[in-house]
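Per our numbering, numbering of the sequence shown is gapless, rising by one per residue and ending at 1124.
All C-beta atoms in this analysis are idealised placements derived from N, C-alpha and C, irrespective of residue type, glycine included.
On a predicted model such as this, the values are computed, not experimentally measured, just so you know.
Okay, structure first, notes after.
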Amino acid sequence: MTVWTPDDDGYADLSSHDAFVNGAPHNTFARLRKEDPLHWTEYAQGQNFWSVTRHADIEAMNKQPTVFSSAQGIRMEDQTYEEYLARRTFQETDPPDHTRVRRKLTRAFAKPTIAGFEQDIRDICTEMLDPALEHGTFDATRLIARELPMRMLGRIIGTPEEDLPWLVEKGDALIANTDPDFTSHVLDKMETDEFRMMPFNSPAGAELYQYAKELMEDKAARGDTDGVLHLILEPDEDGQRITEEEFRNFFCLLVAAGNDTTRYSIAAGIQAMCHQPELLAQMQEGGDIWTTAADEIIRWATPATYFRRTATQDVEMYGKTIREGDKVLYWFASANRDEAMFDDPFRVNLHRSPNRHLSFGQGGPHVCLGMWLARLEVTVLFQELAKRLRAIEPAGPHQFLRSNFVGGIKSLPVTVQRA
């Protein structure tokens, strides 16, 4: 199945969000993997950067956090040190600071803990799938992919059910701040300096800051000290607590990343079902496929298109020199389609094993904290969806986010026949 982006001539501007409006520019990534795997990329809005596109290189570099640091930001946009300090979450730190915060949260997101949510996830899937499928033709991103992670987010952080749509709307405005369908303050289209101390340079950060403050005050008044938010507030083994600013930034990260990445993995999996009809039959047959299907769907989706690092020293690669202070972008969207690692990478193979995709940032200290939750949500959702379907097909063109940072199908019209 050919899924190359039709309007990608192999020389797309990777710094442009418009180059991703029809999906990742895979012709360009394929050419770079073959001809120029360490590519000096011009960036009109800031400091130029290196683009790393091969799976093997990204996997190896991800294991070198002292050489390729997260502590100057994880997006290609430039920021002052003052802005970095104001916006950073533990994603934008290196060990030992990263490890200190991560250790607090490991218990809440560990595989055995997450496994305890399976019945909750099945219940949510039943509540949302049956009424959605009754429509026959509908937007699967809106009625399915968006609903499950949104509702699970509420259960994990302990927010009232009625607040969830607003929270997700603000999370979208943060992480998809380059798409006019999600924010009135499009990052590269207007002046946003007044919000430069907010997460993602977005006014939604201020609103989420205030919500987090009021939520924790309400929990304290009720004596509610359970949940992941209270874990992050606990002192570490040295008695240190995170600052109020760090907590608010963590809350914004949890709302945005904890919802969007799983949503767009689910949407991509449904899109694959529409174009590869055999996937539905394979899911309905079940068995061992459920030990591998989620990772393949997440590889296919690659919701985090890239993460940026900053070189802390000069590094020689491919006869070129990455200089200390240079920005280096790990293009996961390219690595997850690398023919040197994956057989037939432009086809979804639910039995693919091993599957060394890099969607979770595997191999380094920043491996995704929520990976077990994402895998479980994707697995259960497709189990429950498959048993309710006789067929699914496109009902019109799907639309991608205008973003080179988040890869996602924001609109996915489908027509279904119920089983």
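Boundaries of the beta strand (DSSP E) harbouring Lys1032: 1032-1036, taken from the DSSP string.
For the pair Trp995 and Thr1084, the Cα-to-Cα distance works out to about 7 angstroms.
Note on geometry: alpha-carbon atoms of Ser1039 and Ala815 lie some 29 angstroms from one another. Between the segment 983-1001 and the segment 1015-1030 there are fewer than three inter-stretch CB-CB distances shorter than 8 angstroms, so the stretches are not counted as touching. With fewer than 16 neighbouring CB atoms inside 10 Å of its own CB, Asn753 falls in the exposed class. DSSP places Ala925 inside the alpha helix (DSSP H), whose first and last residues are 909-927.
Segment contact: the segment 939-955 against the segment 964-984, fewer than three CB-CB distances shorter than 8 angstroms; contact not assigned. Contact annotation, Ala776 with Thr798: C-beta distance approximately 6 angstroms; criterion of less than 8 angstroms satisfied. Closest by C-alpha distance to Thr1007, out of Pro1050, Leu985, Gln981, is Pro1050. Distance check between Phe843 and each of Gly1113, Pro1102, Ser1108, Thr864 places Pro1102 closest, using alpha-carbon atoms only. Between Thr1010 and Phe1110, the C-beta spacing is below 8 angstroms.
Residue nearest to Thr1015 within the set Thr771, Cys979, Pro742, Gly751 is Thr771 (criterion: CA-CA distance). A straight line joining the alpha-carbon of Arg1095 with that of Gln1122 spans about 5 angstroms.
Counting only residues of its own chain and dropping the five nearest sequence neighbours on each side, Thr746 has a CB closer than 8 angstroms to the CB of Leu719, Ser720, Asn753, Phe754, Trp755, Ser756, Leu1034. Taking C-beta atoms as the reference points, Gly932 and Gly863 count as a pair closer than 8 angstroms. For Ala881, the closest alpha carbon among the candidates Glu866, Arg793, Leu838, Gly910 is that of Gly910. In the assembly as shown, Arg808 is an exposed residue. Its beta-carbon has fewer than 16 other beta-carbons within 10 Å. Taking 8 angstroms as the cut-off, the Cβ atoms of Gly1068 and Lys768 count as close. Between Ser1108 and Thr883, the gap from beta carbon to beta carbon is short of 8 angstroms. Beta-carbon to beta-carbon, Met855 and Asn964 are separated by about 6 angstroms, close enough to satisfy the 8 angstroms threshold. Bridge partners of Tyr748 according to DSSP: none are assigned.
Comparing C-alpha distances from Ala837 to each of Asp825, Glu823, Gln824, Leu853 shows the shortest one belongs to Leu853.
For Tyr969, the enclosing alpha helix (DSSP H) stretches over residues 949-980.
Ser720 is bridged by DSSP to nothing; it lacks a bridge partner. A residue is called buried when at least 16 other Cβ atoms come within 10 angstroms of its Cβ; Ala1091 meets this threshold and is buried. The residue from Ile829, Arg847, Phe952, Ile861 with its alpha-carbon nearest to that of Asp877 is Arg847. Contiguous beta strand (DSSP E) elements confined to the segment 796-832 do not occur, taking only those with 3 or more residues. Val873: member of the alpha helix (DSSP H) spanning 869-880, first to last residue. Under the three-state reduction of DSSP output, Ser1039 falls in the helix class. With contacts defined by Cβ atoms closer than 8 angstroms, Leu1063 and Ile763 form a contacting pair.
For Val806, same chain residues with a beta-carbon under 6 angstroms away, outside a window of 5 residues either side, are Phe795 in chain order. About 7 angstroms separates the beta carbons of Phe1105 and Phe725, which is inside the 8 angstroms limit, making them a contact pair. Per the C-alpha coordinates, the member of Lys1025, Gln1018, Lys875 positioned closest to Ala961 is Lys875. Counting other Cβ atoms within 10 Å of its Cβ, Pro940 stays below 16 and is therefore classed as exposed. With a cutoff of 8 angstroms on beta-carbon distance, Gly1075 and Phe1012 are scored as not near each other.
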